Each structure stands twice: as structure tokens, then as C-alpha cells.
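K.L.:
Oh and the sequence shown: position 6 is -2 in our numbering, straight run, nothing missing. Here's a structure for you.
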Amino acid sequence: MRLFSAIPFTLFSLLIYNALAFTTGSADAGFWSQPLVTIDMVSGATFQLLTSDVLITVGLFFLFIEILKATRIGTTALLDHMFSVLVFVAYLVEFLVLPQAATSLFFILMAISLIDVIAGFSISITGARRDVSFGHGEMH
């Protein structure tokens, strides 16, 4: 169970993208620019929520969960950080070598993964520094 809780949620964005890109042949921008929801606004404008917009929103939600998970301490947190780095490396490798990943959507998801890595380590370091400072203050 501990190992499962260390799995980065940003991995799910990568898996969703890959599942859609490789099974629907959606390497072209046509698939990602299809509107999923169209709403006529009071202003007279038409709001369209595209397939790519939904995946970016899902990726941002997963990033939020990862930032919450970064506040944990212990072995699970360390595993989570290591797996987050591996997920980012997977994004980077796919972006560089696979034509299906050469899209702005994939680049944004990769940037979300990078933010997860940076935020996870930053939050952990800040928390550890605070713990050390607090412990040091008690000794006097």
C-alpha cells in the first residue's frame, strides 16, 4: 500500500495522453482541438472546452494532489519524489523522440510534471529546514 501511495498522479496524465495519442491516431492537432462542450454565454460569445483543455485541467488537478502529497515526510515521500523525477524523465524522452508527443499539449503536461518535481523537493526541503530549526531551538 505504501508503494501505491508513492505513485505520482502526474503519471496518469501521461498515461491518458498516450492512450489517446496512440490508439486514436491523435498525433495531429485535430483531435486535441475538438470541442467537447460548447456553451452560448450571456455576453453572446460562445465558450468551447476543447479536448486538450480538459486534459490540461486534469493535469493541473493531479498537480494539486501532488503538492498536497509533498507535505508528507518519511520513506513514502522520498519514493514519491523519486517516482516524480522518473515520470518527468519519461515525459522528456517521449517529447524528444516520439512524433505523437511533439504537441503543445504534451509540452504543457511535461511542464506540469516538472513543476511537480521542483515543488515536491522545495516543499520537502522547506519542511525539513523548519523541523531542524524547531528542533535546534528546543535544545537551548
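Where a beta carbon is used, it is the ideal one built from N, C-alpha and C, also for glycine. Bear in mind the structure is a predicted one, so any value in this text is a computation, not a measurement.
Between which two residues does the beta strand (DSSP E) containing residue 39 stretch?
P.N.:
As a working note, residue 39 is residue 47 in the sequence shown. Looking at the DSSP string, the run of the beta strand (DSSP E) that includes residue 39 is 38 to 42.
K.L.:
Considering only the alpha carbon of each residue, which of 81, 115, 99 lies closest to residue 51?
P.N.:
By 1-based counting over the sequence shown, the position of residue 51 is 59. Checking every option, the nearest Cα to that of residue 51 belongs to 99.
K.L.:
Ends of the alpha helix (DSSP H) at residue 31?
P.N.:
Taking the first residue of the sequence shown as position 1, residue 31 is located at position 39. No alpha helix (DSSP H) holds residue 31; the beta strand (DSSP E) holding it covers 27 to 32.
K.L.:
Rank 13, 6, 104 by C-alpha distance to the C-alpha of residue 59 and give the top, closest one.
P.N.:
By one-based count along the sequence shown, residue 59 stands at place 67. Cα-wise, what sits closest to residue 59 is 104.
K.L.:
Take residue 96 as the anchor and find which of 10, 71, 24 has the nearest alpha-carbon.
P.N.:
Walking along the sequence shown from the start, residue 96 turns up at place 104. When each option's Cα is compared against that of residue 96, the closest is 24.
K.L.:
Whole angstroms is fine: what's the gap from residue 15's alpha carbon to residue 46's?
P.N.:
For the purposes of this step, residue 15 is taken as residue 23 along the sequence shown, with counting starting at 1. For the purposes of this step, residue 46 is taken as residue 54 along the sequence shown, with counting starting at 1. Roughly 18 Å between the two C-alpha positions.
K.L.:
Can you name, in chain order, every residue of its own chain whose Cβ lies under 7 Å from the Cβ of residue 75, other than the five neighbours on each side?
P.N.:
The sequence position of residue 75 within the sequence shown is 83, counting from 1. Around residue 75: -2, -1, 0.
K.L.:
Contact defined as beta carbons within less than 8 Å: I believe residue 78 pairs with residue 9. What is the distance between those atoms, to the nearest angstrom?
P.N.:
Start at 1 with the first residue of the sequence shown, and residue 78 comes out as number 86. Start at 1 with the first residue of the sequence shown, and residue 9 comes out as number 17. In fact, because the Cβ distance is near 16 Å, the residues do not count as touching under 8 Å.
K.L.:
My understanding is that residue 62 touches residue 5, with C-beta atoms under 8 Å, so please give their C-beta distance in whole angstroms.
P.N.:
Counting from 1 along the sequence shown, the entry for residue 62 is found at position 70. Counting from 1 along the sequence shown, the entry for residue 5 is found at position 13. Actually they do not touch by this definition, with Cβ atoms about 17 Å apart.
K.L.:
Assuming residue 80 contacts residue 42 (C-beta within less than 8 Å), just tell me the rounded distance between them.
P.N.:
As a working note, residue 80 is residue 88 in the sequence shown. As a working note, residue 42 is residue 50 in the sequence shown. Rounded, the Cβ-Cβ distance is 25 Å, inconsistent with contact.
K.L.:
With distances taken between CB atoms, is the gap from residue 111 to residue 55 smaller than 9 Å?
P.N.:
Translated into the one-based positions of the sequence shown, residue 111 becomes position 119. Translated into the one-based positions of the sequence shown, residue 55 becomes position 63. Yes; because the gap between Cβ atoms is below 9 Å, this pair is in contact.
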